[in-house]
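Colleague:
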Amino acid sequence: MTQSDELAERIRARIQADRLMDGAFFMTEADLAEEYGVSRTVAREAVSRLVAIGLLEARKRLGLIVRRPDPLRLLQLGLPSLFDSDQDIAELAMLRYVVEMGAVDLAIRNGSDEQCQQLCDLAGEMAGAIRSERPEQISELDIAFHTLLLQMTSSHLIAGMQRVLVNFFDSAYQDYQSDVATGERMIWEHQELAAAIRDRDSNRARTMMQMQSRFWLENKPNN
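Here the sequence shown stands for residues 85 to 307, numbered as in our numbering.
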């Protein structure tokens, strides 16, 4: 660990220990260098690391302001550069599976009757798009379906994960090929999943989520 890394960690720990809230004044870079006994260069590098993750904001003629990092934004910015191979896409598919399997029970518990009906309606629209062979619309409806599913958890963090997982959907539908059997399977799985959530049937919903994810998980490339 470099001196800058060590200082960045000490600053982060101090902000947490002092329970400094979003918008609170921390100190200037000059004060930071003097208090921790480091050079201005080391202080600047440490601050840059914390600014990059959204924990600090540097204001001219004012100093350093504490900010509340957005973990979803960090994932959204970082993942596109990491997921550019078949193996990377497979990892993203597994991330999607874990997030959505965990979301099923929360969606059933917290989702409104109106949201449940919207989920069924989206499954119906997706069936029409698949049978009419409109790949772009299929992708859009699938994203809308799973976005709503995560929103039904009533968790801002879980719902926001869909912004990260859109990369997976984009990659998945790039090579979409019209196939009657595959299309009918997708229709049935989405409609059954929506119906299970509408009926507040956790066991059936989890089973359908497993079936829906099977294709992506089983078709991951070998290491």
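Backbone N, C-alpha and C define an ideal beta-carbon position, used for all residues, glycine too.
Short of 8 Å in beta carbon distance, which residues of its chain neighbour ALA243, apart from the five on each side in sequence? Order them along the chain.
Modeller: Excluding residues within five positions, the ones whose Cβ falls inside 8 Å are THR231, LEU234, GLN235, THR237.
Colleague: For VAL248, count neighbouring C-beta atoms within 10 Å of its own C-beta (all shown protein chains included) and say buried if the count is 16 or more, exposed if not.
Modeller: The residue in question, VAL248, is buried, as its Cβ has 16 or more Cβ neighbours within 10 Å.
Colleague: I need the straight-line Cα distance from GLN294 to VAL188, nearest angstrom please.
Modeller: So the two alpha carbons sit approximately 11 Å from each other.
Colleague: Please classify ARG94: does DSSP put it in a helix, a strand, or coil?
Modeller: Here ARG94 sits in helix by DSSP.
Colleague: Please specify which runs of the beta strand (DSSP E), each continuous and at least 3 residues long, are wholly inside the segment 131-208, giving them in chain order.
Modeller: Counting only runs of 3 or more, we get 140-143, 147-150.
Colleague: State the beta-bridge partners of PHE109 as determined by DSSP.
Modeller: Partner(s): ILE149.
Colleague: Let me confirm a value: ARG180 is counted as buried when at least 16 other C-beta atoms fall within 10 Å, else exposed. Which label applies?
Modeller: Buried: at least 16 other Cβ atoms inside 10 Å.
Colleague: For a quick check, are the C-beta atoms of ILE137 and PRO155 less than 7 Å apart?
Modeller: Their beta carbons are not under 7 Å apart, which means ILE137 does not touch PRO155 by this criterion.
Colleague: Along the chain, where does the alpha helix (DSSP H) containing ASP226 start, and where does it finish?
Modeller: Counting along the chain, the alpha helix (DSSP H) containing ASP226 begins and ends at 219-235.
Colleague: If you compare alpha carbons, which of LEU225, GLU90, GLN275 is closest to VAL126?
Modeller: Cα-wise, what sits closest to VAL126 is GLU90.
Colleague: When burial is assigned at 16 or more other CB atoms within 10 Å of the CB, is HIS64 buried or exposed?
Modeller: Limits of the chain in this structure are 85 at one end and 307 at the other, which puts residue 64 out of reach.
Colleague: When the Cα atoms are used, what is the spatial distance from VAL183 to ALA97?
Modeller: Computed Cα separation, rounded: 29 Å.
Colleague: Hey, would you say GLU141 sits closer than 7 Å to ARG128, going by beta carbons?
Modeller: Against a cut-off of 7 Å, the Cβ pair of ARG128 and GLU141 comes out as no contact.
Colleague: Check SER55 in the structure and name its three-state DSSP category.
Modeller: Nothing about residue 55 can be reported from this structure: the residues present for the chain run from 85 to 307 only.
Colleague: Find the nearest neighbour of GLU268 within the set ALA280, SER286, ARG133, ILE214, judged by alpha-carbon distance.
Modeller: Nearest option by C-alpha distance: ILE214.
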